[in-house]
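The sequence shown maps to residues 197 to 473 in this note's numbering.
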Amino acid sequence: VVSAAPGSLGTVTPENGKEAFLSCSNENIITNLFHTLDFYKSFDEIVDWLGKSEEVTSYLMFFEGLWTWMSLNIDQKIHLTPELEVKFVDIREKRKWGDIPGICSSFLTHNNTNPNRFFSNLRTLDIFRSGSAGDMWCQVDCSSHKDIRRVQSIFTHETSLTFTFLHHPAIQQCSKPGKCGFILKTVPAKDGPSIILCTDPSDYSNKIHYHEEFKAEDMHFMVRRHCSYVPLSWLGKPPKLSFQTSWNLAWETNYCERDNGFHSFDNNFIVLLKIKD
């Protein structure tokens, strides 16, 4: 994954010094989020379903589905066999996907030895690509913000997330004021939230500007905790945040009080932005 400079999280401040919440008049849904998985299927059935489902748009989403199934079926011992590797190759060729995303070997496993062993062993496969996410992606970080105490709050409260970076291969030259970047906004709803990309210039300030080269369909949203990654694609809609799974580690308080202040637990929101040829 190509790293980019971290951005900021929250609101913009107008001249009067008061915080103003960003509005988004032109919106695009980030499509990798809030899909539902049948956890009662067997592992082989889940592999076959993920390999054929039109909901799965990348190899990254495919392996996120396997991670989710393992996190909710912790008693099932899954081994990375040569036969399973052949199946992964067959699915990749039929779906015209790239190699196994390097980021998959860093999924958060929360001391669950089975998925930890499974995803660590992905590195041994010939179709594993170290350092990238299948096709080439650029990782853009959104810095933690003191107003966001819990990661899951973005699903229940309207929140604006700002991502900026110093350089992106799609933008060779830029003379616009401020930093290149984009804004994502979470929109809660009874049937589950959505996260959308703001594309209207009026949503941006002179500190950050949007390029039309950045498309919602090329964005993949997830959480990073320290050096591990927490997939969000198969949380369900609405998100099932109460599961006793690896997700819980990411839903812990983002800050804790220490010496009358706040201490970051390093839960960061990230976007993988696909780099097109």
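Just so it is clear, CB atoms sit at the ideal spot from N, CA and C, and this is done for glycine as well. Computed from a predicted model, the values in this text were never measured in an experiment.
Opening and closing residue of the beta strand (DSSP E) in which residue i lies
{"i": "W333", "result": "W333 to C338"}
{"i": "G377", "result": "K375 to V383"}
{"i": "F359", "result": "T355 to F361"}
{"i": "I391", "result": "S390 to C394"}
Extent of the continuous alpha helix (DSSP H) to which residue i belongs
{"i": "R291", "result": "P278 to R291"}
{"i": "L268", "result": "Y255 to L268"}
{"i": "D244", "result": "F239 to K248"}
{"i": "P297", "result": "Segment: none, P297 is in no alpha helix (DSSP H) and carries neither H nor E."}
{"i": "R313", "result": "T309 to N317"}
{"i": "F351", "result": "S349 to T352"}
Proximal residues to residue i (C-beta, below 6 Å), its chain only, five neighbours per side dropped
{"i": "S429", "result": "N228, H231, M257 and E260"}
{"i": "I242", "result": "W265"}
{"i": "I287", "result": "G247"}
{"i": "L318", "result": "I296, C300, S301 and F324"}
{"i": "C220", "result": "Interpretation of C220 is limited by its pLDDT of 43, a score under 50 that renders its predicted location unreliable; the figure taken from the coordinates is listed afterwards. Around C220: K381, C394 and D399."}
{"i": "K372", "result": "H405"}
{"i": "E251", "result": "H231"}
{"i": "K403", "result": "G374"}
Whole-angstrom C-beta distance between residue j and residue i, which should lie under 8 Å
{"i": "A412", "j": "I226", "result": "6 Å"}
{"i": "P311", "j": "W263", "result": "6 Å"}
{"i": "L469", "j": "F410", "result": "7 Å"}
{"i": "P427", "j": "F303", "result": "6 Å"}
{"i": "D387", "j": "P435", "result": "Going by Cβ atoms, the distance from D387 to P435 rounds to 11 Å, so no, they are not a contact pair."}
{"i": "D399", "j": "I379", "result": "6 Å"}
{"i": "G377", "j": "T358", "result": "6 Å"}
{"i": "E289", "j": "L321", "result": "Going by Cβ atoms, the distance from E289 to L321 rounds to 14 Å, so no, they are not a contact pair."}
{"i": "F239", "j": "Q272", "result": "6 Å"}
Own chain, CB closer than 8 Å to residue i, minus 5 neighbours either side, in chain order
{"i": "S349", "result": "T355"}
{"i": "H275", "result": "F314"}
{"i": "I466", "result": "Q335, V336, D337, C338, F417, M418, V419, R420 and Y425"}
{"i": "F397", "result": "It is Pro, not Phe, that sits at residue 397 in the sequence shown. So the list reads H405 and Y406, once near-sequence residues are dropped."}
{"i": "S316", "result": "S301"}
{"i": "E408", "result": "T395"}
Sequence-distant residues of its chain with Cβ nearer than 7 Å to residue i (five each side left out)
{"i": "G432", "result": "F230 and T232"}
Any non-hydrogen atom of the ligand ATP within 7 Å of residue i CB
{"i": "V243", "result": "The model on display carries no ligand, and the ligand ATP is accordingly not part of it."}
Counting only runs of 3+ residues fully inside the region 398-438, write out the beta strand (DSSP E) ranges in chain order. 415-421 and 424-426
Could you say if the region 347-362 and the region 381-388 meet the contact criterion of at least three C-beta pairs nearer than 8 Å? yes
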